[in-house]
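Chains as they are written, first to last, in the numbering used here: chain A, 1 to 454; chain B, 455 to 908.
Dropping the structure here:
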């Protein structure tokens, strides 16, 4: 196929407009055509205006699994890749499609490493309600995330875990394409999302991958069917590219855990590693972590993996690994004993229930927007974030609440006006839905897509 | 509505990406939104990459008639408009969506003017199998098409007819948008085609408009249903904007007339104005011309208009008007008596039938491509054209042919290689389909969409 591309390039017979036409009419693009398109885009031969028309055609016509795999591989090949083979052992990785209060990476990196599976986690900062994993970790005084590839490898060889920002020129095609999709209403295309996520994962060279595909009102994908489509496609791409990949579909109808904010989530991760975290966060970490151990061949099934992880929490090994991780990256590891050393917001405002009842709904997106308004997240790439700002939810779906009882605590910075705090308070109150009777138990893990795409 | 635009601009709340999302989800854009989009595009605030994504979203989701009207008016307002009200009488105009061998404008401009209806025709050069109307007229020795607006108006006041190129800055939004659509596989969107055609017509300020929407294998639109959609939408836009507009849907399954080429079509127009032209070309000119007289209130129904036009052909008035038109634009009017004064190709090669039979098919697109290969048309804006090159079809659908009898004559320039001529010969032979029995009569005018859009 590569020969075909070269031939077509030499004779100048490929025109991007013909490829757009082909996709627009519903045909699948070939490996050679997708290589031409992505190479041309990164090198400037295919201009933005053709790529945005192509993205819109893909939005409407979709892609086959094979096409999405070829697109992903073309994107991987657009830049550097990291070779982590020098690290002994089966390196585990995970990725979440993003929700509100998703503290799982902070818990899973030390927890899985404590089980003897190396975790070399490359994370981003990203845009969203809170910062990304890097921002959360940087709320720990002194914590450094800008490791070189050599430092990352040394850290993982040394203590089994490191979390760092990307320094290499990984997947430039994705950076360009994502920026373009963001301003052309072509972000929410399942194959483009899958190629974006999987290209970055493949370029970072893990040994296996567990995906957490969020579904529900607080997630990007609202419908279970869409979540399954994305999960199946990403598993198809990963396994098709030789990376053992599975996905859990998990509920994001209410925020995960109780804390939403950067330092607040670090504190919650510490609690969870101590066995004192919110039940839903612990359940999800065990489910994802069990699969990470299973794919790393540490155990033969994910349930056995969960048992190992529970024991590591119970005997303090997991928290000790987090201490090691923090110390190894120049952070103040004493936060694991005294979370009061983390940045703390000047104002703490308790939000109280205005009536009796059972919580039957807690709109995740609305809580996320309120946290964003408090300054915990980034609206643009250049926004600065307040590490201490956020919201702690005292009540979640299923809980009984009496009028006047605290339902949440707002953590607001000194600069936050009382109008802002008042508005956030109202947002929180209206995010809660109460009924006279409790609703049924909320299922957290909604489904699994395994290596066979089933 | 205009206030809404201004307000939105001031507060900076309109984002092109939101408008793309709105269209992508199938909603109709408002007048204010379309004005913002087109103004922004022409002024550079909306970049090409957003406009191409929008064009692709319009391709998939379509537009309501109201939306298409607002888009058209926004495009008209992007540049200058020509005011022809100073010309006394009801100015008639016509537009064809383009086919192979479409000589109607060359016949209709003098013919309708001969009936006392002023014709101020602004034409283009365009890309295609042959040049545009301007190129065809410029094959007459000395003929000048670059008239200023004042010269155009003076010519129409003086002799009732002028055909000129556009000098004013008419519809810059269309120029930009068309160039973008051409390279992003978004040309063949019915609402975008309709807005492109109608914006140029409205900006040129005619009194009424007769559209010739071609349909069939040699036309842009292959299916009758598509042709009706485009015709109804253009009539809706025209009449919605206050320009009385009707459309005929006409067959383009075989080339119109016998000549395909620039000077060859001028010669055919002269023959037709003499009453000696091919029956199908005459029939279509009378049908379109009858409606032009009717919309100009010269007659109360198109059939009465046809009778007037037939009489003007029969008594020589029509040809005399063509003579006047040519002389008034510095051309050699003697061509009307002696078409031998037109440029003539060095080589004329007769193509002969390889078997007996009746012509039941004559692939228009294939003939067009053969004429293009001979150098009669433009592949890019900078291509030069050979005015003498082309093909004359001696046999058309329904004709009986004996083996060895001429079916066509190739007019090729000195520089044409014998390989080229041989290849054109084969293209012509394979464009003809023969059967033992004649097929039924081909209908030329397939339908009408009137001012009410019916």
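Glycine included, C-beta positions come from ideal geometry on N, C-alpha and C.
Predicted model, so just to flag it, every value in this text is computed and none were measured.
Non-local beta-carbon contacts of residue 231 of chain A in its own chain, meaning distances under 7 Å to residues more than five positions away in sequence, involve 211, 213, 247, 249 and 449 in chain order. Residue 86 of chain A carries a coil assignment under DSSP once its states are collapsed to helix, strand and coil. In this structure, DSSP gives residue 267 of chain A a helical state, which the three-state scheme calls helix. Under the Cβ criterion (8 Å, minimum of three pairs), the segment 81 to 94 of chain A does not count as touching the segment 474 to 489 of chain B. Below the 8 Å Cβ cutoff, chain B contributes no neighbours of residue 171 of chain A, its closest Cβ being approximately 20 Å away. When A:30, A:313 and A:290 are compared, the shortest CA-CA separation from residue 304 of chain A is found for A:290. When Cβ-Cβ separations below 9 Å define contact, residue 636 of chain B makes contact with chain A.
Shown here for residue 76 of chain A: same chain residues with a beta carbon closer than 6 Å to its own, the five before and five after excluded, namely 199, 202 and 203 in chain order.
Pairing residue 724 of chain B with residue 793 of chain B gives a Cβ-Cβ distance under 9 Å. When only Cα atoms are considered, residue 805 of chain B and residue 883 of chain B end up about 8 Å apart. For residue 406 of chain A, the enclosing beta strand (DSSP E) begins and ends at 406 to 412. Each residue's CA atom was taken as its position, placing residue 394 of chain A and residue 379 of chain A some 27 Å apart. For residue 877 of chain B, the uninterrupted alpha helix (DSSP H) run begins and ends at 872 to 885, by DSSP.
The shortest C-alpha to C-alpha distance from residue 843 of chain B to any of B:836, B:585 and B:890 is the one to B:585. Within chain A, the residues whose beta carbon sits less than 9 Å from that of residue 502 of chain B are 47, 48, 49 and 52, listed in sequence order. For the pair residue 108 of chain A and residue 312 of chain A, the CB atoms are not nearer than the 9 Å cut-off. Assignment of residue 400 of chain A by DSSP, reduced to helix, strand and coil, places it in the strand class.
Exposure of residue 540 of chain B is indicated by the presence of fewer than 16 other C-beta atoms within 10 angstroms of its C-beta.
With its beta carbon less than 9 Å from one in chain A, residue 478 of chain B belongs to the interface. For residue 143 of chain A, the secondary structure class from DSSP, reduced to helix, strand or coil, is coil. Pairing residue 82 of chain A with residue 60 of chain A, the inter-Cα distance amounts to about 34 Å. Look at the segment 14 to 42 of chain A: the residues with a C-beta under 7 Å from a C-beta of chain B are 17, 20, 21 and 24. Under a 10 Å Cβ-count criterion, residue 439 of chain A is classified as exposed, with fewer than 16 other Cβ atoms of the shown protein chains found around its own Cβ. When the alpha-carbon of residue 770 of chain B is set against those of B:868, B:568 and B:749, the nearest one is in B:568.
Chain B places a beta carbon closer than 9 Å to that of residue 186 of chain A, counting this residue as a contact. Residue 669 of chain B is positioned such that its CB atom lies closer than 9 Å to that of residue 680 of chain B. Distance from residue 442 of chain A to residue 253 of chain A at the Cβ level is roughly 7 Å; contact confirmed, criterion being Cβ atoms closer than 8 Å.
One thing to note: residue 363 of chain A has its Cβ no nearer than 9 Å to the Cβ of residue 408 of chain A. Annotation for residue 46 of chain A: 16, 37 and 40 place their beta carbon closer than 7 Å to its own, counting only its chain and skipping 5 residues before and after. Under the three-state reduction of DSSP, residue 208 of chain A is assigned to strand.
The straight-line gap separating the alpha-carbon atoms of residue 310 of chain A and residue 298 of chain A is approximately 15 Å.
Going by DSSP, residue 812 of chain B is part of the beta strand (DSSP E) stretching over 811 to 816. Put simply, the CB of residue 59 of chain A is near chain B, with a gap under 9 Å to one of its CB atoms.
Chain A has no Cβ within less than 9 Å of the Cβ of residue 517 of chain B. Annotation: the continuous alpha helix (DSSP H) that includes residue 226 of chain A extends over 224 to 240. Residue 593 of chain B counts as buried, since no fewer than 16 other beta carbons sit within 10 angstroms of its beta carbon.
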